[in-house]
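In what follows, a single structure is set out as structure tokens and then discussed.
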Amino acid sequence: MDITITRTQNPKTKPTDESKLGFARIFTDHMFIVEYDQGKGWHDARIVPYGPLSLDPASPIFHYAQEIFEGTKVYRLADGEVGSFRLRDNARRMNRSADRLCMPPLDENVQVDAIARLVDLDRDWVPGSEGTSLYIRPTMISDGCSLGANSANRFIYFVICAPTGSYYAEGMKPIRIRIEQRYVRAVKGGMGRAKTGGNYAASFKATKEAMDDGFSQVLWLDGREQKYVEEVGAMNMMFVVDNKILTAELGDTILPGVTRDSVITLAREHGIEVEERRISVSELYQAHAEGRLTEAFGTGTAAVISPVGELQYMGESIIINNKEIGPMSQFFYDTLTSLQRQKAEDTHGWTAVIPHFTKE
Ligand code: COI
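If you use my numbering, the sequence shown corresponds to residues 12 to 371, in order.
Here it is, written out as structure tokens:
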């Protein structure tokens, strides 16, 4: 697909203090857009200056939330180049979410190429210090002008990029998580495994209540029995019990995280046993009481590896690893970030260097 490029005439000032970036609060100079019309397919691919979209107030996105998104990152490499990590896996998952939300797929190669060209143009925005990256947010929304409550026939896919530091204010410090007992995130047959805005909107009330009580996030339980741990919205969860990693098995209700998959792959390669299965809260609390639950951590593109120092369920707290970063969390953080920055040998074909397509 041909992509036309219009460069900004008003480049923004780039942040100078990378330690203050936080998560995705400022955006680069350009964005990618491509449009879809039924009968015509995807058309008018372009990179343009970053700016507002103009949409009809009757656009279905505003009324029925037919929307999906992705999150991936590119990193500054030691030699100054820029590298991506498992970009194609995110493009593939975007299309699986599109299928669930009744939206048209966009060829994986087109997604990967568009992101590479956009990143190339804005490569000076990729920060370099430890723990930073350029966060990429591919998004697809429905568009048109009709309030009929059925799938739209016009869509927009766009990509924006944000120089980013740590997702949690705590950085790599272990966070407090409340196990949610009242609200649920997803049910069998629902859209929990799709990366769609509605799943996040549905989580805000519980998250706000938990944050008001000093927690960083909530850990969702299954929507039927409210017994089994699922995910934390912004990350999948891993528990180290008897030196094995336990994590919830994938299904209709859990986002198949790319970082989750990377950690499972790396763990098995390093001889660490991983069990993907249903894990009840009572199993975790019992393992903790017996001194067998030694670590817990979340995995996610934004969150990377995020150790959990405290879980609370129905007012009862357990402290994990003395609220310190455990050896497994540290090991996966170091291994993953070395791979992402291409400091370690990539035996999986997960990394790629962003080509220089454009001349200055
Ligand atoms: C990501 O890890 O990229 C996510 O999409 C999580 C997010 C909602 C901040």
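A virtual CB, placed ideally from N, CA and C, is assigned to each residue, including glycine.
Bear in mind the structure is a predicted one, so any value in this text is a computation, not a measurement.
Asked	Found
Any residue with its Cβ nearer than 5 angstroms to a heavy atom of ligand 1 should be included. What is that list in chain order?	G82, A245, G311, T312 and A313
Keeping to the same chain, check which residues put their C-beta closer than 8 angstroms to that of S245; ignore five residues upstream and five downstream.	A small fix is needed here, since residue 245 is Ala in this sequence, not Ser. Hits under 8 angstroms: Y178, Q228, G309, G311, A313 and A314.
From E260 to R193, what does the alpha carbon distance come to, in whole angstroms?	22 angstroms
Could you pull out every unbroken beta strand (DSSP E) segment of at least 3 residues lying fully inside the segment 47 to 86, listed in chain order?	52 to 60 and 78 to 80
Please report how far the alpha carbon of M202 lies from the alpha carbon of G262, in whole angstroms.	10 angstroms
Our contact map puts V170 next to I147 with C-beta atoms below 8 angstroms; I'd like the distance itself, whole angstroms only.	6 angstroms
With distances taken between CB atoms, is the gap from R111 to T207 smaller than 9 angstroms?	yes
So, using beta-carbon positions, are D154 and I72 closer together than 9 angstroms?	yes
Out of curiosity, what's the CA-to-CA distance linking L257 and A69?	46 angstroms
What residue range is occupied by the uninterrupted beta strand (DSSP E) comprising T312?	Careful: T312 lies outside any beta strand (DSSP E) and carries neither H nor E.
Could you name the residues that DSSP lists as bridge partners for Q228?	I188
If you count every other CB in all the chains shown that lies within 10 Å of the CB of H41, and 16 or more means buried, which is it?	buried
Is the separation between the beta-carbon of W2 and that of K25 shorter than 9 angstroms?	Past the edges of the chain, shown from 12 to 371, lies residue 2, and the structure says nothing about it.
Could you check whether the Cβ of G91 sits closer than 8 angstroms to any heavy atom belonging to ligand 3?	Here the bound small molecules are ligand 1; ligand 3 is not part of this structure.
Return the chain-ordered ranges of every alpha helix (DSSP H) run that is complete within the segment 117 to 200 and spans a minimum of 4 residues.	119 to 132
Between which two residues does the alpha helix (DSSP H) containing G208 stretch?	G208 to A212
According to DSSP, simplified to helix, strand and coil, what is E287?	strand
Just checking, does the segment 184 to 191 make contact with the segment 316 to 328 on the three C-beta pairs under 8 angstroms criterion?	yes
For P318, name the three-state secondary structure that DSSP assigns.	strand
Are the C-beta of R271 and some C-beta of chain D separated by less than 9 angstroms?	Among the chains in the structure shown there is no chain D, since it carries only a single protein chain.
Please classify E294: does DSSP put it in a helix, a strand, or coil?	helix
Should R36 be labelled buried (16 or more other beta-carbon atoms within 10 Å of its own) or exposed?	exposed
Can the beta-carbon of C156 be found closer than 9 angstroms to that of F38?	no
Leaving out the 5 sequence neighbours to the left and right, which residues in its chain are closer than 8 angstroms to R57 when beta-carbon positions are compared?	I14, T15, I16, T17, F43, I44 and V45
Determine the closest residue to G82 out of V274, N332, P267 and G302, with distance taken between C-alpha atoms.	P267
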